[in-house]
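Novice:
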Amino acid sequence: MPTIMQRYVLFTFIVLFALWLPFDVFAHGVDERTRAFLLQNTGVQIIPFLYIGAKHMVTGYDHLLFLVGVLFFLYKRRDILLYVSMFTLGHSLTLLFGVISDIQVNAYLIDAIIGLSVVYKGFDNLGGFSRLFGKSPNAKLAVLIFGLFHGFGLATKLQEFQLPDDGLIANLVAFNVGVELGQFSALAFILLIINFWRKHHSFTRFATSTNCMLMSAGFMLIGFQLTGYFIS
Amino acid sequence: MQKVMPKTTPQAITLTNTALLKYTLFSVIFAASALLIVILPAEYNIDPTGIGQKLGLTVFHDAEIVSSDPLSLQASAAVTETIAVIVPAGKGVEYKFIMEQYQKLTYEWDTDSQALYFDLHGEPKGDTTGYFESYAIATLDEMKGSFTAPFAGSHGWYWKNETDTPITVQLTVKGEYVQHGLK
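Order-wise, the sequence lines are chains A and B. Residue numbering for the first sequence follows this note's numbering, starting at 1 and increasing by one per position. Residue numbering for the second sequence follows this note's numbering, starting at 1 and increasing by one per position.
1. Compare the beta carbon distance of A:I145 and A:G182 with 8 Å and say whether it is the shorter of the two.
2. By alpha-carbon positions, which one of B:A12, B:A149, B:Y131 ends up nearest to B:Q101?
3. Buried or exposed: which applies to B:L25, given that a residue is buried once 16 or more other Cβ atoms fall within 10 Å of its Cβ?
4. Quick one: what's got a C-beta closer than 8 Å to B:T168's C-beta in the same chain, skipping five residues either side?
5. Are the C-beta atoms of A:I231 and some chain B residue less than 8 Å apart?
6. Spell out a yes or no on whether the stretch 121 to 133 of chain A and the stretch 61 to 69 of chain A are touching, meaning 3 or more CB-CB pairs, one atom from each, closer than 8 Å.
7. Return the chain-ordered list of same chain residues with a C-beta closer than 8 Å to the C-beta of A:I46, the five sequence neighbours on each side being excluded.
8. List, in order along the chain, the chain B residues whose C-beta lies closer than 8 Å to that of A:F123?
9. Could you name the residues that DSSP lists as bridge partners for B:V79?
10. Can you tell me where the alpha helix (DSSP H) with B:V44 in it begins and where it stops?
11. Could you tell me the distance, in whole angstroms, from the CA atom of A:D165 to the CA atom of A:V99?
12. Taking the alpha carbon of B:Q179 as the point to measure from, which residue in B:M99, B:T129, B:T49 has its own alpha carbon closest?
13. Can you name the residues of chain B whose CB is closer than 8 Å to the CB of A:G127?
14. So what does B:A149 bridge to, in DSSP terms?
15. Are A:G134 and A:F87 touching if we call contact CB-CB under 8 Å?
16. Looking at the C-beta of B:S154, does it have a partner C-beta in chain A at a distance below 8 Å?
17. Give the DSSP-derived three-state secondary structure of B:K183 in the structure shown.
18. Helix, strand or coil for B:H202 per DSSP?
19. Let's see if you can read the secondary structure: which residues bound the beta strand (DSSP E) around B:Y107?
20. Provide the residue span of the beta strand (DSSP E) that contains B:Y135, from first to last.
21. Within 8 Å (strictly less), CB to CB, does B:E133 reach chain A?
22. Return the residues of the stretch 72 to 87 of chain A that lie within a Cβ-Cβ distance of less than 8 Å from chain B, sorted by chain order.
23. How many angstroms separate the CA atom of A:P22 from the CA atom of B:T165?
24. Does the distance from the C-beta atom of A:C212 to that of B:S27 stay below 8 Å?
25. Output the distance between the C-alpha atoms of B:V93 and B:G122, rounded to the nearest integer angstrom.
Given below as C-alpha cells:
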C-alpha cells in the first residue's frame with residue numbers, strides 16, 4: 001500500500017499535469033483561447049469557468065511568488081488552509097462585487113499592488129517588521145487585504161469581455177471555486193518543495209537570500225507594472 | 001514512516017539592523033538593475049542604459065505591429081440595425097455579414113410565427129473550395145444570441161422556406177461588420 005506521502009505526490013502531479021497542459025504563462029492575463037471562449041460564452045458554464053479560475057492561479061507567477069513567501073515559515077496544515085482560505089475569501093468578494101457593480105480598477109495598479117504584496121512578505125520573512133516596529137503585521141489580515149485587491153484586478157479584466165448576464169453569478173462562483181482549486185494545486189507543489197528543503201541545513205542557510213530575492217522580484221513586478229501604467 | 005519535524009525548523013529570520021538594511025538595499029538595487037537592463041527594454045522598449053539594445057532585447061519592438069487589436073476596434077461604433085429579409089415560398093435565402101476575425105455580432109430574429117429551417121454559418125474570406133463552418137442548424141421561428149467571427153469572411157444565415165407562402169424574417173443586429181446583404 002502506498003504511503004500517504006506517495007499518494008499525495010501522485011495526486012499533486014496528476015492535478016498539476018491536468019492544469020498545465022495548455023501552459024502559457026501570462027500573469028493575470030487571459031490568453032488567446034480563453035479570450036475566444038469568454039467572448040462567445042453564453043449561459044451557465046461551470047466546468048470551463050472552474051478551469052480558467054484554476055489556470056489563472058496556477059499560471060500567475062506573481063501570485064505564486066506571494067504564496068512562496070506566505071508558506072515559507074508555515075507548515076501546520078491548519079495554518080496553511082486558513083491562509084489560503086483568507087485569500088480566496090478576499091478574492092471572491094471583490095471579484096463578484098466588481099463584476100456585478102461594474103467597477104473597473106486599473107490593472108497595472110492592481111498588479112503593482114500584488115508586487116508590493118510580494119515585497120511585504122519577503123521583508124516580513126526577513127524579520128524586517130519586527131525589527132522596525134517591534135512586531136509584524138497580522139499576516140492573515142494582510143493576506144485577506146491582498147486577496148481583495150487581487151479580486152478587483154481580475155474583475156476589471158473579466159469586464160472587458162462584457163460577460164452576458166445570463167448565468168453570470170453561477171459562472172463567477174465557478175471561477176472562484178476554480179481559483180481555490182488552482183491555489184491548492186500550486187500550493188501542493190510549492191509545499192512539497194519547501195517541506196523537503198526545510199529538512200536540510202541549506203534551508204536555514206539560504207532562507208535569508210531566498211527572501212531577499214523574493215523581495216527583489218516583488219520590486220521588479222512593481223517597477224514593471226508602474227512603468228506600464230505611466231506609459232499606457 | 002512517520003517523520004518528525006526537526007526541532008531546528010526555523011520559524012523566522014533574525015537579522016541585525018545592518019544586515020537587514022544590507023539585504024533590503026541589495027534587493028532594491030538588484031530589482032532596479034534587472035528592470036533597467038532587461039525588463040523595461042524587452043517589455044516597453046524603454047532602454048535607458050542602451051544595454052538592452054546591445055543584448056538584442058528591443059527586437060520585440062522593431063517591427064511595429066500593424067494591425068491593431070481587433071478587440072479595441074470592436075468597442076467603437078456598434079449600432080443597432082433592423083433588416084427585413086423576405087424568404088420566398090419554397091426557396092432558400094442567404095443573408096451575410098462581412099466581418100473581420102474576432103468581431104462580434106449580437107442578433108435577434110423572428111418570423112411571423114412560421115418556423116424556418118436555418119443554418120448559421122461562416123465562410124472564410126477568399127475561400128474558393130466552398131468550405132463553411134456552421135455555428136447552429138435548427139428549425140425555429142425565432143432566435144437570439146451572439147457570435148464572434150472565428151475567422152475573417154462572411155457570416156450569417158441560410159433560411160429555407162418549405163411552405164408555399166413567403167415568410168419575412170425581422171433581423172435585428174448590433175455589432176461590428178464591414179457590410180451586409182443578401183447573397
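Quick reminder that beta carbons are idealized off the backbone N, C-alpha and C, glycines included.
Specialist: So, to answer that:
1. Taking 8 Å as the cut-off, the beta carbon of A:I145 is found no closer than this to the beta carbon of A:G182.
2. Checking every option, the nearest Cα to that of B:Q101 belongs to B:A149.
3. Here B:L25 is exposed: its Cβ has fewer than 16 other Cβ atoms, across all protein chains shown, within 10 Å.
4. Here the set comprises A84, V85, I86, V87, T111, D112.
5. Contact with chain B is found for A:I231, since one of that chain's Cβ atoms lies less than 8 Å from the residue's Cβ.
6. Counting C-beta pairs closer than 8 Å gives three or more between the stretch 121 to 133 of chain A and the stretch 61 to 69 of chain A, which meets the contact rule.
7. These residues qualify, in order along the chain: A170, N171, A174.
8. Result: T24.
9. B:V79 is bridged to B:G175.
10. Going by the sequence as given, residue 44 of chain B is Tyr instead of Val. Segment 40 to 44, the alpha helix (DSSP H) holding B:Y44.
11. Straight-line Cα distance between these residues: approximately 10 Å.
12. Considering only alpha carbons, the answer is B:M99.
13. Neighbours of A:G127 in chain B, taken as residues whose beta carbon is under 8 Å from its own, are A12, I13, T14, L15, L20 in chain order.
14. Paired residue(s): none; B:A149 is not in a bridge.
15. No, Cβ-Cβ distance for A:G134 and A:F87 is not below 8 Å.
16. Under the Cβ criterion of 8 Å, B:S154 is not counted among the residues facing chain A.
17. The answer is coil: DSSP assigns B:K183 none of H, G, I, E or B.
18. What the structure shows of chain B is the stretch from 1 to 183, and residue 202 of chain B is not part of that stretch, so it cannot be assessed.
19. Boundaries of the beta strand (DSSP E) harbouring B:Y107: 104 to 111, taken from the DSSP string.
20. Boundaries of the beta strand (DSSP E) around B:Y135: 133 to 140.
21. Among the CB atoms of chain A, none fall inside 8 Å of the CB of B:E133.
22. Per Cβ criterion, the list reads F73, Y75.
23. Per-residue confidence for A:P22 stands at a pLDDT of 40, beneath the threshold of 50, marking its modelled position as unreliable; the derived number appears in the next sentence. Whole-angstrom Cα-Cα distance: 52 Å.
24. In this structure, A:C212 lies near B:S27, with their beta-carbon atoms less than 8 Å apart.
25. As the crow flies, the alpha-carbon of B:V93 is around 15 Å from that of B:G122.
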